[in-house]
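Asker:
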Amino acid sequence: MAVLTAAVAVSRRLPPAAFVLVAALSLAAAPALFTVSYGPALGVCALLLGLRAGRARPAVLCFAAVGCAGTARIVLTGVDPAPEWLVMTGTLLFGCVFPWLGGRYWRQSREPAEAGWLRAARLEDEAALAEERARLRERARLQVAPGLGDEHRAAAAGLRAAAADATDRLHRIIGVLREDDEAAPLSPAGETLEQLVARAAESGLPVRWEPGGRAPAADPHAAGPGEVAERLLHRVAREALTNAARHAPGAPVVVAVTGHAAGTSVTVTNGRPAQDASRPPGGGTGLLGLRAAVTSVGGEFEAGAHGEGFRVRAYVPGQPVAVRPVRPARAPFSHARRRVAAGLGAAAGVGVVLVGAAFGWYAYVETHSVLEPAAYAELRVGAPAAEAERVLPGRDVNDPPEERAPAPPAGADCRYYRASGELFVSVAHFRLCFDGGRLVAKDVVPGAGLSGEGREEHEEFAR
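Numbers given in the numbering used here equal positions in the sequence shown, counted from 1, plus 3.
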């Protein structure tokens with residue numbers, strides 16, 4: 004309990020140290036690392052190691068150190084090295100490496116969404132500051148002298164308010180139509196609508212791309228209307244996706260783009276939010292600016308409640324925007340997620356190879372150390388060792404059951420052989436002791452749990 008308490012205390016600031024503490028506790032309890040008492044704690048610490056540690060190198064070093072320490076302990080103190088090493092390898096892979104990879108995947112899936120929200124908040128603050136400066140400059144330009152009468156003051160106040168509103172509206176329209184004037188563009192230059200949707204999906208927004216009918220191919224020599232239309236539709240989709248992420252977190256979003264003969268329309272619809280959140284108001288400042296921008300080029304703009312969610316639709320006339328029809332797809336993996344998925348696949352492949360190799364070696368050793376009962380019965384005490392060697396298998400067992408065997412003759416060299424080739428069960432063993440080039444003793448060692456009557460049955464079987 005003291006060691007587990009210490010591991011919990013340092014798990015947030017030093018996750019590798021917490022994992023090493025629990026792994027050391029598990030190795031102390033069992034050379035094969037697997038224990039019912041500490042197995043869950045080992046998996047949890049491995050998960051936290053992947054979730055909280057920024058780099059992979061410390062975790063890899065921890066796993067390598069635990070594997071080496073476990074192998075050394077099995078070789079030095081293990082009763083049956085091959086099966087115990089097999090169990091340790093499986094525990095290290097499935098109880099440590101897999102939870103760690105799951106934690107890293109969890110961590111890397113959250114980072115893009117958090118970074119996107121921080122960037123959006125910073126850009127909003129910068130935009131609000133720029134708007135406030137424009138208002139202050141315009142209103143300062145319209146200040147009146149203190150000696151005017153009340154009638155002139157009222158007229159000047161009305162004029163100030165109208166001018167401020169007009170300036171504010173014009174500022175938003177220009178901000179929509181002229182991305183070059185933005186201090187920090189929200190999207191990469193030349194980004195298409197489909198790329199915008201893919202980028203939003205990578206940041207964690209549950210969005211689906213649904214292109215409609217194929218639009219007529221754009222004329223590469225035409226300039227002006229097509230470029231403005233594509234940029235304006237991009238701004239509409241971007242504003243709608245931002246509102247959906249802010250006001251309806253967790254709600255599914257569908258972006259539908261349809262090309263027509265005389266223009267292109269984009270519709271962004273979000274469903275009911277996963278948690279209670281306020282809907283974006285139909286008259287919000289961002290949507291008002293987009294409405295003014297779309298109508299100024301002769302288009303149509305709609306924004307309002309739709310079912311249990313919200314819908315924004317804009318139609319922009321002019322040269323159609325080419326829409327490439329694609330199948331609706333799930334949110335694509337980011338590069339970090341692909342690396343973690345590749346790591347999971349590689350770890351699974353290595354685990355299968357290691358487990359298969361360990362099982363193959365264990366089966367080979369166990370089946371090549373079997374002395375047939377009939378051959379054992381033919382051996383006679385006092386026979387020359389060379390005569391006995393002719394019927395003995397090529398290997399003797401590596402993990403002899405010495406604790407169940409009777410006391411050996413003094414000074415004799417005793418060897419143990421399996422009585423059958425069964426795997427993963429305790430079987431009877433034959434012990435042959437040689438001294439001075441002759442067989443001086445032969446004994447039957449029953450399997451674990453067999454004594455007395457069971458020993459007699461084995462001896463009778465051997466005879």
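Every residue, glycine too, gets a C-beta built ideally from N, C-alpha and C.
Is there at least one Cβ from chain B nearer than 8 Å to G42's Cβ?
Answerer: Absent from the structure is chain B; it holds one protein chain and no more.
Asker: In this structure, how does DSSP classify L52 when only helix, strand and coil are distinguished?
Answerer: If DSSP states are grouped into helix, strand and coil, L52 belongs with the helices.
Asker: Give me the Cα-Cα distance between E311 and A131, rounded to the nearest whole angstrom.
Answerer: Going by the C-alpha atoms only, they are around 30 Å apart.
Asker: Could you please give the first and the last residue of the uninterrupted beta strand (DSSP E) stretch that includes A308?
Answerer: Residues 303-309.
Asker: Since A255 and P209 are thought to touch, with beta carbons under 8 Å apart, how far apart are those beta carbons, to the nearest angstrom?
Answerer: Inspection of the sequence shows that residue 255 is occupied by Pro rather than by Ala. That pair is a contact at about 5 Å.
Asker: Count the C-beta pairs between the region 393-413 and the region 74-91 that are closer than 8 Å, then say yes if the count reaches three, no if not.
Answerer: These segments touch.
Asker: Whole angstroms are fine: how far does the CA of S268 sit from the CA of T261?
Answerer: Between T261 and S268, the C-alpha separation is close to 5 Å.
Asker: Let's test the definition: count the other Cβ atoms within 10 Å of the Cβ of Y367 and tell me whether it reaches 16, buried, or not, exposed.
Answerer: When all chains shown are included, Y367 counts as exposed.
Asker: Can you find at least 3 beta carbon pairs, one from the region 236-247 and one from the region 291-311, that sit closer than 8 Å?
Answerer: A contact exists between the region 236-247 and the region 291-311.
Asker: If the criterion is Cβ atoms closer than 8 Å, does the pair L395 and C417 meet it?
Answerer: No, Cβ-Cβ distance for L395 and C417 is not below 8 Å.
Asker: May I ask you to report which of helix, strand or coil DSSP gives E205?
Answerer: E205 falls in the helix class under three-state DSSP.
Asker: With a threshold of 16 other CB atoms inside 10 Å of the CB of R58, please say whether the residue is buried or exposed.
Answerer: Its Cβ having fewer than 16 others within 10 Å, R58 is exposed.
Asker: To the nearest angstrom, report how far apart V11 and A413 are at their CA atoms.
Answerer: Near 53 Å, if we compare the C-alpha coordinates of A413 and V11.
Asker: At the level of alpha carbons, what is the spacing between E129 and W120?
Answerer: When rounded, the distance between both Cα atoms is 14 Å.
Asker: Going by Cα to Cα distance, which pick from G292, G439, A386, G302 is closest to V319?
Answerer: The shortest C-alpha separation from V319 is found at G302.
Asker: Between which two residues does the alpha helix (DSSP H) carrying P320 extend?
Answerer: Note, P320: premise wrong, no alpha helix (DSSP H); beta strand (DSSP E) at 312-320.
Asker: Check whether the Cβ atoms of G106 and L64 sit closer than 8 Å, and answer yes or no.
Answerer: No, the pair does not count as a contact, with Cβ atoms beyond the cut-off.
Asker: What is the DSSP secondary structure of A21, counted as helix, strand or coil?
Answerer: Reduced to three states, the DSSP call for A21 is helix.
Asker: Where does T8 land, buried or exposed, given buried means 16+ other C-beta within 10 angstroms?
Answerer: Flag for T8 reads exposed.
Asker: Let me check understanding here. Comparing Cα to Cα, which of R60, P376, A408, R15 lies closest to A451?
Answerer: If we check each option's Cα against that of A451, A408 comes out closest.
Asker: Skipping 5 residues on each side, what residues in its chain have a beta carbon closer than 6 Å to that of W103?
Answerer: Contacts found: A49, L52, G53, A62.
Asker: Need the endpoints of the alpha helix (DSSP H) that L64 sits in, please.
Answerer: From DSSP, the alpha helix (DSSP H) with L64 extends over 60-80.
Asker: Quick one: residues in its chain with C-beta nearer than 6 Å to the C-beta of A26, no 5 flanking neighbours on either side, listed in chain order?
Answerer: Here the set comprises V69.
Asker: Within this structure, are the beta carbons of G93 and G46 separated by less than 8 Å?
Answerer: Not closer than 8 Å, so no.
Asker: Start and end of the alpha helix (DSSP H) containing G93?
Answerer: Its alpha helix (DSSP H) spans residues 84-95.
Asker: With D5 as the anchor, note down where its beta strand (DSSP E) starts and where it stops.
Answerer: A small correction: the amino acid at residue 5 is Ala; Asp does not occupy that position in the sequence shown. A5 -> not in any beta strand (DSSP E); alpha helix (DSSP H) instead, spanning 5-13.
Asker: Specify, as a first and last residue, the run of the alpha helix (DSSP H) that P376 falls within.
Answerer: Looking at the DSSP string, the run of the alpha helix (DSSP H) that includes P376 is 376-381.
Asker: Leaving aside the five residues before and after L30 along the sequence, list all residues of the same chain whose C-beta is less than 8 Å from its C-beta, in chain order.
Answerer: If we look at L30 and ignore the five residues flanking it on each side, its Cβ neighbours are L36, V69, A72, G73, R76.
Asker: Exposed or buried, what is W212 when buried is set at 16 or more other beta-carbons lying within 10 Å of its beta-carbon?
Answerer: That one is buried.
Asker: Between H470 and E381, what straight-line distance do the alpha-carbon atoms span, to the nearest angstrom?
Answerer: Only positions 4 to 466 of the chain appear in this structure, which leaves residue 470 out of reach.
Asker: Compare the C-alpha of T245 against each of E127, W109, R55, E392 and name the closest.
Answerer: The option with the nearest alpha carbon to T245 is E127.
Asker: Using a 10 Å radius around the Cβ and a threshold of 16 neighbouring Cβ atoms, would you call Q111 buried or exposed?
Answerer: Buried, by the Cβ-count rule.
Asker: Which residues in the same chain have their Cβ closer than 6 Å to the Cβ of A444, if we skip the five residues on either side of it in sequence?
Answerer: For A444, where only same-chain residues beyond five positions count, the Cβ hits under 6 Å are P412, C436.
Asker: List the endpoints of the continuous beta strand (DSSP E) containing E213.
Answerer: Its beta strand (DSSP E) spans residues 210-214.
Asker: Considering A389, what are the terminal residues of the alpha helix (DSSP H) in which it resides?
Answerer: Start and end: 388-392.
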